[in-house]
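Worksheet: one structure, shown below.
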Amino acid sequence: MMKPTENTHRNFYGRRAGKTLRPTQKAHLAEDLAALSPGAVSLAENPERRPLDLAARFGPRPVWVEIGFGGGEHMVHQAARNPEVAVIGCEPFINGVAMLLGKIRKAGVSNVAVYPGDARDLFDVLPAGSVARAFLLYPDPWPKRRHHQRRFVNQSHLAPLVEVLAPGAEFRIATDIPDYTRQALIEVPKAGFVLESHSGTAWEDWISTRYEQKALREGRTPEYLTFRKP
């Protein structure tokens with residue numbers, strides 16, 4: 029797969045910022061974010077798209093990736109529960125990044141890295157077969173039909189994801205949007221994944237997120253899908 033260059037332009041349709049950050053959140057961004065970088069990820073800092081040295085950054089730990097971590101509840105939960113694993117989170121919404129940094133401080137977890145940008149940039153520089161598990165939890169549903177191509181479960185996102193996943197790696201999706209589930213069940217196997225489970229019951233190690241709680245309050249039913257790279 030051809031890697032983007034510094035002249036490559038990628039469309040990004042989500043929000044990058046929301047309400048004004050609190051002073052403590054601004055302090056967390058200024059004091060903590062740089063130290064939590066997984067390495068040179070962005071096109072600006074790594075125009076040649078050199079692969080990250082994950083062993084130098086994390087040691088021998090297996091690497092998990094959370095695509096769009098929202099407020100960071102699940103990412104910190106998994107890092108605390110699995111200290112033998114390194115968890116990289118991608119999130120372009122800076123308010124979510126600031127919330128995560130506060131949770132990292134409170135939990136005291138050190139086996140995490142944060143990329144405040146598009147997950148596709150991270151996929152460019154992750155070594156092939158280097159990720160043991162990936163999470164896509166309550167992604168932006170892009171409900172209008174004309175926007176469905178913006179959903180993560182399209183081949184432009186899934187193809188680079190499957191490349192960086194190790195053989196046997198797990199890909200988990202949680203959503204409360206039936207049409208998102210429908211599209212995932214079509215597109216994810218096309219990318220080379222095998223469906224292992226599709227259930228209304230969450231995984232054993234699950235922690236309910238703010239997005240799931242909102243879905244439940246509004247009467248929507250969450251679905252949990254597990255795929256695996258053969």
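Residue numbers (the numbering used here): 29 to 258.
We treat Cβ as the ideally placed atom computed from N, Cα and C, and that holds for glycine.
Simplified DSSP assignment, three categories, for tyrosine 166: Here residue 166 refers to the residue found at position 138 of the sequence shown. In the structure shown, tyrosine 166 sits in coil (DSSP, three-state: anything other than H, G, I, E or B).
Sequence ranges, alpha helix (DSSP H) only - wholly within the region 62-121, length at least 4: 82-86, 101-109
C-alpha gap between phenylalanine 226 and alanine 212, whole angstroms: Numbered from its first residue, the sequence shown carries residue 226 at position 198. Numbered from its first residue, the sequence shown carries residue 212 at position 184. Correcting the residue type first, residue 226 is histidine in the shown sequence and not phenylalanine. Taking the straight line joining both Cα atoms gives about 11 Å.
Nearest candidate by alpha-carbon position, reference threonine 203, set Pro217, Val159, Arg248: Counted from its first residue, the sequence shown places residue 203 at position 175. Ranking the options by Cα distance to threonine 203, first place goes to Arg248.
Stretch-stretch touch, CB-based, cutoff 8 Å, three pairs: the region 73-83 with the region 146-156: yes
Local Cβ density within 10 Å of alanine 147, reported as buried at 16 or more and exposed below that: Numbered from its first residue, the sequence shown carries residue 147 at position 119. Result: buried.
Distance, alanine 126 Cα to isoleucine 205 Cα: The residue labelled residue 205 in the question sits at position 177 within the sequence shown. The residue labelled residue 126 in the question sits at position 98 within the sequence shown. Computed Cα separation, rounded: 27 Å.
Nearest candidate by alpha-carbon position, reference tryptophan 231, set Tyr239, Ile201, Gly220: Here the question's residue 231 lines up with position 203 in the sequence shown. The option with the nearest alpha carbon to tryptophan 231 is Ile201.
Per-residue burial, lysine 257 [other beta carbons within 10 Å of its own, 16 or more giving buried]: Working through the sequence shown from its first residue, we reach residue 257 at position 229. The residue in question, lysine 257, is buried, as its Cβ has 16 or more Cβ neighbours within 10 Å.
8 Å contact criterion, which tyrosine 143 and proline 66 should meet: CB distance rounded: If you number the sequence shown from 1, residue 143 lands on position 115. If you number the sequence shown from 1, residue 66 lands on position 38. The Cβ separation is near 6 Å, so the contact holds.
Valine 91 vs alanine 114 beta-carbon contact at 8 Å: Translated into the one-based positions of the sequence shown, residue 91 becomes position 63. Translated into the one-based positions of the sequence shown, residue 114 becomes position 86. Cβ distance < 8 Å, so valine 91 and alanine 114 count as in contact.
Residues that alanine 141 bridges to, as DSSP identifies them: Counting from one through the sequence shown, the residue named residue 141 turns up at place 113. Alanine 141 is bridged to Ile116.
Anticipated Cβ contact below 8 Å, threonine 209 with glutamate 251, distance rounded: Here residue 209 is taken as the residue at index 181 of the sequence shown, counted from 1. Here residue 251 is taken as the residue at index 223 of the sequence shown, counted from 1. That belief holds up - the Cβ atoms of threonine 209 and glutamate 251 are roughly 5 Å apart, short of 8 Å.
Same chain, Cβ closer than 6 Å to lysine 131, five either side skipped, listed in chain order: As a working mapping, residue 131 is identified with position 103 in the sequence shown. Excluding sequence neighbours, lysine 131 sits near Gly100, Val104.
N-terminal and C-terminal residue of the alpha helix (DSSP H) that proline 206 is part of: If you number the sequence shown from 1, residue 206 lands on position 178. Where proline 206 is concerned, the enclosing alpha helix (DSSP H) stretches over 206-218.
Between the CA atoms of asparagine 123 and threonine 48 - distance to the nearest angstrom: Start at 1 with the first residue of the sequence shown, and residue 48 comes out as number 20. Start at 1 with the first residue of the sequence shown, and residue 123 comes out as number 95. So the alpha carbons of these two residues sit roughly 8 Å apart.
Residue from Phe255, Pro169, Val137 with nearest C-alpha to alanine 162: Walking along the sequence shown from the start, residue 162 turns up at place 134. Nearest of Phe255, Pro169, Val137 to alanine 162, Cα basis: Phe255.
Whole-number beta carbon distance between arginine 238 and glycine 98, since they are thought to touch under 8 Å: Counting from 1 along the sequence shown, the entry for residue 98 is found at position 70. Counting from 1 along the sequence shown, the entry for residue 238 is found at position 210. Sure, about 7 Å apart at Cβ, within 8 Å.
Residue interval of the alpha helix (DSSP H) (run including serine 184): Mapped onto the sequence shown, residue 184 falls at position 156. Following the DSSP letters along the chain, one finds serine 184 inside the alpha helix (DSSP H) bounded by residues 183-192.
C-alpha distance - asparagine 110 paired with threonine 229, whole-angstrom precision: Within the sequence shown, the letter at position 82 stands for residue 110. Within the sequence shown, the letter at position 201 stands for residue 229. Taking the straight line from one Cα to the other gives about 21 Å.
Rounded C-alpha distance that separates glutamate 215 from arginine 174: The residue labelled residue 215 in the question sits at position 187 within the sequence shown. The residue labelled residue 174 in the question sits at position 146 within the sequence shown. If you take the alpha carbons of glutamate 215 and arginine 174, they lie about 17 Å apart.
Helix, strand or coil at phenylalanine 180 [DSSP, three-state]: Residue mapping note: residue 180 aligns to position 152 of the sequence shown, counting from 1. The answer is coil: DSSP assigns phenylalanine 180 none of H, G, I, E or B.
Beta-bridge partners of serine 227, as assigned by DSSP: Along the sequence shown, read from residue 1 onward, the residue named residue 227 stands at position 199. In the DSSP output, where bridge partners are listed per residue, serine 227 has Tyr252.
Counted within 10 angstroms of its Cβ, other Cβ atoms place proline 188 as buried (16 or more) or exposed: Sequence index remark: in the sequence shown, residue 188 carries index 160 (1-based). The residue in question, proline 188, is buried, as its Cβ has 16 or more Cβ neighbours within 10 Å.
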